[in-house]
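There are 2 protein chains.
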Amino acid sequence: MNRVITIGREFGSGGRELGKRLAELLQIAYYDKEIIEEIAKRTQLAESYVHQIVEQKTGVFYPITIGRTLHAHQVHNFGNDFMLKQYTTVYSEQANVLREMAEKSDCVIVGRCADYILKEHNPLRLFVYADMDSKVARCRLKGDAHEELSDKDLRKKIRRVDKNRAKYYQYYTGHTWGNRSNYDLCVNTSAISVKECAEMLAEMLKNR
Amino acid sequence: MNRVITIGREFGSGGRELGKRLAELLQIAYYDKEIIEEIAKRTQLAESYVHQIVEQKTGVFYPITIGRTLHAHQVHNFGNDFMLKQYTTVYSEQANVLREMAEKSDCVIVGRCADYILKEHNPLRLFVYADMDSKVARCRLKGDAHEELSDKDLRKKIRRVDKNRAKYYQYYTGHTWGNRSNYDLCVNTSAISVKECAEMLAEMLKNR
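As they're listed, the protein sequences go chains A and B.
In this text, residue positions in the first sequence follow this note's numbering: the first is 1, and each later residue adds one.
In this text, residue positions in the second sequence follow this note's numbering: the first is 209, and each later residue adds one.
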């Protein structure tokens, strides 16, 4: 069976960069944009739209469960059934794509409930987190979309993104996002650079 | 500054064994019984009694805080003030002993709120955990005190010990025991032997 490393991460904790670096150091595949491209091809939806769904960036619409029945939020009634169907299609294609990638070669996959979807592949499940100050600082370093936000608004954004990730994870896996019992190793990046952290993990894993 | 590794752990997760093995692999000191002996010497209390206090085995009596004021549980009123004083003395001596040990050499210290007490030493703070089935199995393997317990009672014992650890930690540090934000690395030992886990961590840390 191929080695599969999945990475769940708090927004701003450097989890994605960690995944890339770790894959590079271990010389195994890192799947990211390829997943979106492949889902878009199969569902015939626009890449940017698929991206919005799998990165939980839509915010307004979110399918929820009441008991064991699917419901769409009642915020915007119009078109909810249609959107719910699209979400389900995208998730289901994502699961297929992830399984195919895990079967193809050793790999690192960030986010996307991969720890749950690929559980038959017995992945090493990492969760990357950091304290709020360190996440704010990391977002500032990366610049781009955060430049215009005050610290207060940036903290709000970080909390919002993670709340959406938690909802998405809960919805598709039935488990609590970030709860240590769902992971093999939880890594705090507050006091360490992502580069150094990746090097340490690679040392730990290289002969396994 | 010396390298200090502190290990918080769930009962039955193999955290103590992990600490011993890690210290051995990294060829640094492992402090355990020496701490009790030293506290006993300084407080002139019996070693067995000190052990009961620092391992949170007393159960019945527990000091609590209401607001910012110390109170003793009202379960057994008689002698509570005296016991509260002894707890405080033991904790304070324990803190002194831990600091002296951390100053003496590189070391691994299991439990005892060492992550908090030694924060000026910038320790690497590990937390070791496992799922309940795996903790029950590990306790059974170790045998001794658990032999006569049914699985149900053993699970109850595991929960009780951890509840006491959580109370003790909360009381002395003001933080939540087992909450990932208090640790640098949280390690799940459910799917891996403690020996292998120690080897992996030693690989990770040997050149740092």
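Cβ coordinates follow ideal geometry from the N, Cα and C atoms, glycine included.
Alanine 40 of chain A does not reach chain B, its nearest Cβ partner there being about 35 Å away, counting only Cβ pairs nearer than 8 Å. Look at threonine 251 of chain B here: in three-state DSSP terms it is helix. Of all residues in the stretch 366 to 390 of chain B, only Arg388 and Ser389 come within less than 7 Å of chain A when Cβ atoms are compared, listed by chain position. By the Cβ criterion, the stretch 302 to 315 of chain B is not in contact with the stretch 367 to 374 of chain B, since fewer than three pairs of Cβ atoms, one from each stretch, lie closer than 8 Å. The alpha carbon of leucine 362 of chain B has as its nearest neighbour, out of B/Tyr257, B/Ala338, B/Cys321 and B/Gly220, the alpha carbon of B/Gly220. Nearest neighbour of glutamate 34 of chain A by Cα position, chosen from A/Arg3, A/Asn2 and A/Glu93, turns out to be A/Glu93.
Of all residues in the stretch 333 to 361 of chain B, those with a C-beta nearer than 7 Å to a C-beta of chain A are Tyr337 and Asp339, reading in chain order. Listed along chain B are Asn330 and Asp392, each with a C-beta nearer than 9 Å to that of alanine 191 of chain A. The continuous stretches of alpha helix (DSSP H) do not include leucine 149 of chain A, and DSSP gives it neither H nor E. When the beta-carbon positions are compared, valine 108 of chain A and glycine 15 of chain A stay at least 7 Å from each other.
The stretch 176 to 196 of chain A and the stretch 18 to 27 of chain A touch, with three or more beta-carbon pairs separated by less than 8 Å. For phenylalanine 82 of chain A, the enclosing alpha helix (DSSP H) begins and ends at 80 to 104.
Contact annotation for methionine 408 of chain B against chain A: Met204, Leu205 and Arg208 [CB-CB distance below 8 Å, chain order]. Note: cysteine 394 of chain B is bridge-paired with A/Cys186 and B/Phe335 in the DSSP secondary-structure output.
In this chain, the beta strand (DSSP E) harbouring alanine 29 of chain A covers 29 to 31. Between isoleucine 5 of chain A and leucine 126 of chain A the beta-carbon gap is near 7 Å, inside 8 Å, which marks them as a contact. Distance from the CA atom of leucine 234 of chain B to the CA atom of serine 134 of chain A, rounded to whole angstroms, is 30 Å.
Note that the C-beta distance between alanine 322 of chain B and leucine 332 of chain B is not below 7 Å. Among the CB atoms of chain A, one or more fall inside 7 Å of the CB of asparagine 396 of chain B. If you draw a 10 Å sphere on the C-beta of arginine 368 of chain B, you find fewer than 16 other C-beta atoms in it, and that means exposed.
The beta carbon of alanine 198 of chain A sits closer than 7 Å to those of Leu18, Arg21, Leu22 and Leu25, all from its chain and outside the five residues before and after it, given in chain order. For glycine 19 of chain A, the enclosing alpha helix (DSSP H) starts and ends at 15 to 26. Non-local C-beta neighbours of arginine 388 of chain B in its own chain, meaning closer than 6 Å and more than five positions away in sequence, comprise Cys394, ordered along the chain. If you compare the alpha carbons of B/Val262, B/Ile215 and B/Asp392 with that of tyrosine 238 of chain B, the shortest gap goes to B/Ile215. For cysteine 113 of chain A, the secondary structure class from DSSP, reduced to helix, strand or coil, is coil.
Collapsing the DSSP output to three states places arginine 9 of chain A in a strand. In the DSSP annotation of this structure, the continuous segment of the alpha helix (DSSP H) that includes methionine 412 of chain B starts and ends at 402 to 413. Taking the C-beta atoms as reference points, histidine 51 of chain A is found no nearer than 7 Å to isoleucine 39 of chain A.
With 16 or more other Cβ atoms inside 10 Å of its own Cβ, aspartate 392 of chain B counts as buried. Per DSSP, the beta bridge partners of valine 108 of chain A are A/Ile5 and A/Tyr30. In the DSSP assignment, leucine 141 of chain A falls within the alpha helix (DSSP H) that extends over 132 to 142. Threonine 43 of chain A sits away from threonine 88 of chain A, with the two beta carbons spaced by 7 Å or more. The beta carbons of histidine 175 of chain A and tyrosine 169 of chain A sit about 7 Å from each other, so the pair counts as a contact at 8 Å.
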